[in-house]
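In the working numbering, the protein residues as written are 438 to 1473.
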């Protein structure tokens, strides 16, 4: 059984005496434990030791050998470090606090070296770290003997320890066991002790394992009976079953029957008064809990991102909780406005089409509420259960009686990106979210068709977006600047907008607008009272104000609530709203008049907000005076209430930083910083020839970098060429990292090969952007990247050539560089002034790719398997590299890649030639003058021994040439018998897919080794011209 499904906490304590040699036993026992504490781990700092499913705390000994304390806590337990370190050199102490148990538990693990002096005051301080009235467990190897805990004798340490734990009111549990065993002397003692505070002594029990597990100390198991609060019911893995399968029906019957039974119990209860209503809810709650969520079947919720651990301060969480649940008086839940009209459309029951549309809008990965049932389970219900659930929803809607558990939410606090506070994340019932979606769809359609919402509100509405809001502000501002006018803009911040909505005012507003009683009663139900659970010391709070955090209906309700705040504004005043984000701006040729009008508009909006119980926060309000008259920031100001707000340099509105000149320089710099950080991930995962697949890296670029560049790019894209180039270079650098191109590769080749649009064309419509970008790249190809666009570019292909092909990165990089004509040979390097001479060391005028592949005499040995492989594939001379990599022909490309690897020709060379290369004045001459293999010598070395060795190398080379000429005819005949047997591309891909990854060093460099069969026969080509004419002609 999963240990986290029980109501007890199981802890293993053990003096392991070198934990690394006993990992097998530890991992075996870890399956049944929540916490594992070990002393004498003998681990050194920097040694990694992980247990699957656990996070660890360690205190390694640095000054001396041995010692060390380690604690592993299961990931489902929320823990934090305690300050329990001992000041004595011979004692190691480490403490943690478990936060999601009731009571919260402190665990202190101690190891004291034997035969070390330890006075009474130090013993008292060691056991005095527990907080008063706090549940605390002390476990440790104290190396103290006393007859009261089953030792044969008493020593000074035992007497002092006895006095210390009694002074601190601790309770000793394992006083009758023997934890230390000396097999040589046949001696046993009890040195590993477990103490607890008095408030939990009755729920703690201990036991000892008879097996030593390779140590001389027996493991001690501590079992604590407590409640792991904030449970979530364990769900079933529904993804493994078909939606209409019998097995799925069988597994879902229990949950659905309990839910339906509990719900129908509520539907049969009626409430005519407040007391009867409360009694019915209590009856439902008890029925629901008894049938669905028993404590034995629950597991605790694991907060994400260490939200309540030591990374967040408790006072921040308390302040965020106070903001989420402001003090407010509870109102009567049955009190409804008298003027609520009848509305047949809103009161009509939900259809099955509406149910399916609402369910299809939900993501399977959405987190479930405290009942543990997610949308993935609801979507896989069979048809009869979906119809049954729809009937239950319609009955609830018509009778206005809803489950009490829908009011409960589990709230997790996470840090905001700015670090200025905490953001609440609510987990509510998915059944409630689905029902809210049904109500929201009806109410939103009615609100849109009857103009309940102003045109300036763009938040959470179909057909409206952030981009629409931003473009309206930008177009009006640019038009004003083009005509010499100025734009005075105030960005207002509504203090606690969603959390301070007055529910009574909201209900009255909906009734006046024509909302009927059925949706009003449900809105009253979910907003009247909410029970908030958090991980902050098991705090449960109730909220009676504001729309529910994380609710599906909340954005629509807030938009309707504040729809009236822009009434009675002066003419020529514009408003841009996105939920609670608000921008008010005026356009005028006179700045004094413009600012005066803006102040009057802000006063009107503030007055309208006050009627609704909301306020503008002056300290968060920003004023930007947009102009092109060189009016510097700070020279103008507006008054909001009693505060004077001077014009600022820039402000971030809906993710875009607007500055007073509309140059967007600050926003471009912000994007550059964010993209540079994201690009470090790609740098870490690749090298030029090793690392992740280019397709994977390209996907990462699109997700983490291109998405930042693409958001509202037609809004902020600067008109200044230097800022445009700064953005373009981000994309170019990322493509070079992903695909392994050289820095000298033309940018139009980068865009054409990856099929990515150019950023400076992003102001065009998205559907035309790709075609326009490719057209421009092709036009640039007339004078830049001519070879690529003439031979390799395919206009009708929308994905890179390597998409979907399981190829090693080094091979993809090699082909990319060949196609771009920016490789590591002298001819390519000379074009970019990287080398001084384009010539080859064999004497050729140019070291081009085709010369190296087919003619250079330096690589005859490496060329033999290349020719054999090409002949096997049916490729005959004359050949050129461009025809092979044009489609590309993958088996032949693999042969070229291996050849270049064997010749060590992939890495670029600098301006200085390799050591030992002949200069232009010492180029070798042909041996026989008819184009046969050539031999050359280096410049005369200064040392006589080096000269002798060079002379012997030349002699061995000449003898080898003579021997190979004698067997040329035999090998030529062998070459003619190879024949044609080309492999298909799929066969090729499957053959190279069987690769072995070998890790090289800490830098995570990867190399690929292939298991392709190597032909033992070799064909020696004595004369390239003869082979091309005779062998190539015969094979054709």
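A virtual CB, placed ideally from N, CA and C, is assigned to each residue, including glycine.
C-alpha gap between residue i and residue j, whole angstroms
i            : j            : result
residue 1115 : residue 1142 : 6 Å
residue 491  : residue 1140 : 30 Å
residue 698  : residue 468  : Summary for residue 698: the model assigns pLDDT 46, below 50, so the residue's position carries little reliability, and this model does not support an answer.
residue 476  : residue 504  : 7 Å
residue 1291 : residue 1389 : 28 Å
residue 445  : residue 518  : 22 Å
residue 1450 : residue 1310 : For residue 1450, the predicted structure reports a pLDDT of 35, less than 50, and the residue's modelled location is therefore unreliable. A value from the coordinates is still provided. Distance between the alpha carbons of residue 1450 and residue 1310 is about 14 Å.
residue 453  : residue 534  : 23 Å
residue 875  : residue 1045 : 31 Å
residue 782  : residue 905  : 31 Å
residue 1324 : residue 1104 : 42 Å
residue 1267 : residue 1255 : 16 Å
residue 506  : residue 938  : 52 Å
residue 1237 : residue 1288 : 28 Å
residue 1313 : residue 1337 : 19 Å
residue 1037 : residue 1021 : 11 Å
residue 1156 : residue 1100 : 7 Å
residue 891  : residue 908  : 17 Å
residue 514  : residue 835  : 43 Å
residue 786  : residue 968  : 28 Å
residue 652  : residue 619  : 10 Å
Neighbour flag for residue i against chain C, beta carbons, 8 Å
i            : result
residue 1077 : Absent from the structure is chain C; it holds one protein chain and no more.
The beta strand (DSSP E) enclosing residue i, as first and last residue numbers
i            : result
residue 619  : 617–619
residue 814  : Per DSSP, residue 814 belongs to no beta strand (DSSP E); it is in the alpha helix (DSSP H), 812–816.
residue 576  : 572–578
residue 496  : 491–496
residue 800  : Unbroken run through residue 800: none, as it is neither H nor E.
residue 851  : 845–852
residue 1096 : 1093–1096
Cβ neighbours of residue i in the same chain (closer than 7 Å, five flanking residues each side left out)
i            : result
residue 564  : 575, 601, 602, 605 and 607
residue 1282 : 1276
residue 1119 : 1134, 1137, 1138, 1171, 1174 and 1175
residue 614  : 587, 627 and 645
Residue closest to residue i, alpha-carbon to alpha-carbon, out of the options
i            : options                   : result
residue 1072 : 1062, 1055, 1302 and 1180 : 1062
residue 609  : 641, 1318, 625 and 593    : 641
residue 1068 : 1181, 1005, 971 and 918   : 918
residue 1262 : 1238, 862, 1293 and 582   : 1293
residue 1317 : 1336, 886 and 1286        : 1286
residue 456  : 473, 480 and 1109         : 480
residue 1278 : 934, 1295 and 823         : 1295
residue 1308 : 1322, 1328 and 1319       : 1328
residue 499  : 511, 528, 473 and 471     : 528
residue 502  : 482, 868 and 1081         : 482
residue 1195 : 951, 660 and 1166         : 1166
residue 1083 : 1393, 1089, 1074 and 977  : 1074
residue 979  : 966, 495 and 863          : 966
Residue range of the unbroken alpha helix (DSSP H) whose run includes residue i
i            : result
residue 1111 : 1102–1121
residue 1291 : 1286–1291
residue 662  : First-last for residue 662: 657–662, but that is the beta strand (DSSP E), not the alpha helix (DSSP H).
residue 782  : 781–784
residue 474  : Taken as a continuous stretch (DSSP letters only), residue 474 belongs to no alpha helix (DSSP H), being part of the beta strand (DSSP E) at 472–476.
Own chain partners of residue i with C-beta closer than 6 Å, once the 5 adjacent residues on each side are dropped
i            : result
residue 1042 : 1002
residue 954  : 777
residue 925  : 1023, 1031, 1032, 1035 and 1062
residue 895  : 901, 905, 906 and 1015
residue 540  : 572
residue 866  : 806, 808 and 843
### Query
Fully enclosed by the segment 946–1026, which alpha helix (DSSP H) runs are 4 residues long or longer?
954–965 and 991–998
### Message
Extract the residue ranges of the beta strand (DSSP E) inside the segment 1016–1090, only unbroken runs of 3 or more that lie entirely within it.
### Response
1018–1025, 1059–1063, 1074–1077, 1080–1083 and 1087–1090
### Task
Identify every run of the beta strand (DSSP E) within the segment 883–932, keeping only runs that are complete inside it and at least 3 residues long; order them along the chain.
923–930
### Query
Mind pulling the alpha helix (DSSP H) runs of 4 or more residues that sit fully within the segment 580–647?
593–604
### Task
Pick out the complete alpha helix (DSSP H) segments inside the segment 1257–1327, 4 residues or longer, and give them in chain order.
1263–1268, 1286–1291, 1297–1309 and 1318–1322
### Query
Which ranges would you report for the alpha helix (DSSP H) in the segment 502–570 if only whole runs of at least 4 residues count?
Within the segment 502–570, the complete alpha helix (DSSP H) runs of at least 4 residues are 557–563.
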